[in-house]
Amino acid sequence: MISRDRATSPTSLTHAEHEARFLAKHYLKHYQPTPDDLASGIVDGSLDAGIDGMYLFVNGYCIRDDSPLAGIGKNAQLDLFIVQVKNTKGFREDALDKLCVNLPRLFDFNRDEAALSKTVNAGVIEISRRFLRAYRNLEMPSLRIFIAYASLRATELHPNTGEKGEVLRSTIAGCFAGADVSMEFLDAARITDLVREKPATSRKLALAENPISTDKAGGYIAVVKLDEYERFITGESGELDAGLFDANVRDYEGETAVNRSIQGTLESEDVGVDFWWLNNGVTIVATRVQPANKLLELESPQIVNGLQTSNEIYKRSRSGRDSSDDRSVLIKVIQAQDSEVRDRIIRATNSQTSLGPSALRATDRVQREIEEHLSTLGLYYERRRRQHTNNGIPEAKIVTIDQMGCALLSALGQIPHIARGELSRIFETDVYDLLFSPEHPILAYSSCISLYRANVTFLVEDPSTRPHRQDFENHLTMLTAMALTRRERPSAADLAAIPPEGPPIGLQEELLTLIRDEYARHTRVTGELLFDQIAKDSRVTNKLVERGRAFVRQAPRH
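Heads up, the final residue of the sequence shown is numbered 606 in the working numbering, and it's a clean run with no missing numbers.
If you want it as structure tokens, here you go:
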């Protein structure tokens, strides 16, 4: 199983990293993580504190950057997954001992990160910091911590090891009052079951009454009880199913006037007024719709309008209020297999009530043009979440919108610190319009992603830079773009003209030296030791832009 998975996984992964990624992909299957989500949580390596993978989810969405989680509201579902994978025939107590020692240190709100960095690697520190920040900043979140110890060749669990696992579980539960902490041992048979388990692609939507159908095949209007709709949008563990929404967690607008109005309607005890009378409802697009009396079976459903309503309905039962009422929400269900028709539906239905910028951006003409252009180069552009992930396409051929965003933020925008720390900002209007202008030559997009990937490859192939790849890659992309175009601020047209062979290794090495020197200077001035914090600092970017300009003016052509 692992060997087959290796064929479609990134070739840059070590065997240990791939085993951790393989386990995470199947253990987190019901959260439908993207390739970028999976890659972001791999922390295996030296000083990993006994952790191979670490993943943070808020309301079912994987959190991979430091952008504020503003507006999520009370009672958000916060899930932290800690994965340890061993290619052994049994479960070892010393592996649990490591976690017993290190996890309480990581979960200390008063921790000294400079001291911690001497024994724990930067990836573990960064993700655990993001978790602590989310826990502190969210209003009364419901916290679940899942610890999974997987042994790829184990067949049984020794009672002593099981007891040690319970000690670990209770230790972590003591760090957070009211947290639901679980400890699971995954042997070879359990891992096989996880791999064979297929996430459902179809869902059943129970209706309050028989639906109204249109003359066009596959179009239905119906009302659905609030409790039934809540069941439809939640996963097996009670989390909001992010896979149903072509959006990200920050698209939920929080305490806006519209959402306060929806909350007020849901809280109202006016028994003579139904909820759907006062709400625009929800639009669902599916590739196939099969009606059966008061039931619709939907293949690959996506909620394309009604994100705010859906979030408020989900929140209502989590707030402690009695959710057992008889009211309903209006649902439109449309069968649409053609992606262009689907885009038109999303645009039209969101002209009055926004689904959220990340979903709407996928329908932009420029995104479709990028998709078509990259396809001529044998690449698959995922302008939508997981668009090509389940089709057996090697990940090396998949370009996600996040990867494109990193490349453009660095090479074109010259704001690589945003790419490192607040990547989700690519959907903000001012940033998005800078990066994805219809006026840019289409070749600029393929040039930027090729340059970005060439730099990633250069960094992961060198053992000295591999652990800091995420910290260096964006600054290096900015500087190589300046050097190859010989422009202090390259335009999209300049970037489009970069030769397809990419940067010479000698140039990359020279520019990496500039980056290392600037990181060292910043550490001397500020005392900051952690590379991820340095890479996210705009002051470092400004200094590197100055160094890049001097390099362009003085360096010979490569």
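Idealized CB from N, CA, C, for every residue including glycine.
Please read these numbers as outputs of a predicted model, since none were measured by experiment.
Buried or exposed by the 16-neighbour rule on C-beta atoms within 10 Å, applied to residue i
i, result
"Ala124", "buried"
"His523", "buried"
"Val215", "exposed"
"Phe506", "buried"
"Phe157", "exposed"
"Asn169", "buried"
"Glu211", "exposed"
"Ile553", "exposed"
"Glu594", "exposed"
"Met452", "buried"
"Pro81", "buried"
"Val573", "exposed"
"Gly329", "buried"
N-terminal and C-terminal residue of the alpha helix (DSSP H) that residue i is part of
i, result
"Asp142", "141–154"
"Phe599", "586–602"
"Asn359", "355–366"
"Pro207", "207–221"
"His66", "63–75"
"Leu620", "Lying before the first or after the last residue shown, residue 620 is absent from the chain, which here runs from 49 to 606."
"Arg54", "50–54"
"His436", "No alpha helix (DSSP H) holds His436; DSSP gives it neither H nor E."
"Pro464", "464–469"
"Ser498", "491–508"
"Glu245", "Here Glu245 belongs to no alpha helix (DSSP H), and DSSP marks it neither H nor E."
"Leu422", "413–423"
"Thr203", "No alpha helix (DSSP H) holds Thr203; DSSP gives it neither H nor E."
"Arg473", "From DSSP, Arg473 is part of no alpha helix (DSSP H); its letter is neither H nor E."
"Ala523", "Reading the sequence as shown, one finds His at residue 523 and not Ala. His523 -> alpha helix (DSSP H) spans 517–533."
"Asp637", "In this structure the chain extends from 49 to 606, so residue 637 is not present and cannot be described."
Residues sharing a beta bridge with residue i, DSSP
i, result
"Met102", "Ile130"
"Ala198", "Val133, Leu234"
"Lys273", "Ser376"
"Gly267", "Ile382"
"Lys122", "Glu187"
"Gln338", "Glu345"
"Arg192", "Asp127, Asp228"
"Asn293", "In the sequence as presented, Asn is not what sits at residue 293; that position holds Phe. Per DSSP, Ile351."
"Thr282", "Leu288"
"Cys110", "Phe105"
"Ile260", "Ile269"
Residues near residue i in its chain [Cβ-Cβ closer than 7 Å; skip 5 each side]
i, result
"Tyr480", "Arg409, Ile474"
"Ser376", "Ala256, Val271, Val272, Lys273, Leu274, Asp322, Phe323, Trp324"
"Ser494", "His421, Leu422, Leu425"
"Phe70", "Ile50, Asp53"
"Arg159", "Arg153"
"Arg514", "Leu507, Val508"
"Ala544", "Pro489, Leu491, Ala492, Ser495"
"Asp450", "Asp84, Leu471"
"Phe179", "Leu104, Leu128"
Close-in-space but distant-in-sequence residues of the same chain around residue i (CB under 6 Å, 5 per side omitted)
i, result
"Ser402", "With a pLDDT of 45 at Ser402, under the threshold of 50, the modelled position of that residue is not reliable, and no figure is offered here."
"Ser285", "none"
"Arg112", "Ser88"
"Gly596", "Leu527, Met530"
"Glu287", "Gly108, Gln125"
"Gln400", "In this prediction, Gln400 has a pLDDT of 42, which is less than 50 and means its spatial position is unreliable; what the coordinates show is noted afterwards. Closer than 6 Å at the Cβ level, and outside the excluded window around Gln400, lies no residue."
"Arg601", "none"
"Arg366", "Asn123"
"Gln415", "Arg431"
8 Å Cβ shell around residue i - same chain, five flanking residues per side excluded
i, result
"Ile582", "Asp519, Tyr567, His570, Thr571, Glu576, Val588"
"Arg177", "Glu161"
"Leu344", "Lys252, Leu253, Leu255, Pro259, Tyr268, Ala270, Val337, Gln338, Val381"
"Pro538", "Ala459, Leu460, Ala529, Met530"
"Thr56", "Gly440, Ile441, Pro442, Glu443"
"Thr561", "none"
"His606", "Residue placement at His606 is poorly supported in this model, since its pLDDT is 49, which falls under 50; the coordinates still yield a value, given next. Counting only Cβ-Cβ distances below 8 Å, and skipping sequence neighbours, we find Ala531, Leu532, Pro551, Pro552, Gly554, Leu555."
Segment limits, beta strand (DSSP E) that includes residue i
i, result
"Leu253", "250–254"
"Ile332", "330–334"
"Tyr428", "428–430"
"Thr574", "Counting along the chain, Thr574 falls outside any beta strand (DSSP E), though it belongs to the alpha helix (DSSP H) covering 553–574."
"Ala91", "The residue you asked about is not Ala; residue 91 is Val in the sequence shown. From DSSP, Val91 is part of no beta strand (DSSP E); its letter is neither H nor E."
"Thr448", "446–448"
Across the stretch 218–234 and the stretch 187–201, are there enough close Cβ pairs to call them in contact, namely three or more that are closer than 8 Å?
The stretch 187–201 and the stretch 218–234 touch, with three or more beta-carbon pairs separated by less than 8 Å.
Contact the stretch 268–279 vs the stretch 348–365: 3+ CB pairs below 8 Å:
Taking a contact to require three or more Cβ pairs closer than 8 Å, the stretch 268–279 and the stretch 348–365 qualify as touching.
Assess contact between the stretch 145–155 and the stretch 107–118, defined as three or more Cβ pairs (one per stretch) separated by less than 8 Å. Is contact present?
Contact between the stretch 145–155 and the stretch 107–118 is absent, with fewer than three C-beta pairs closer than 8 Å.
When the Cβ atoms of the stretch 132–146 are set against those of the stretch 99–107, are three or more pairs found closer than 8 Å?
Flag = yes, the stretch 132–146 and the stretch 99–107 touch.
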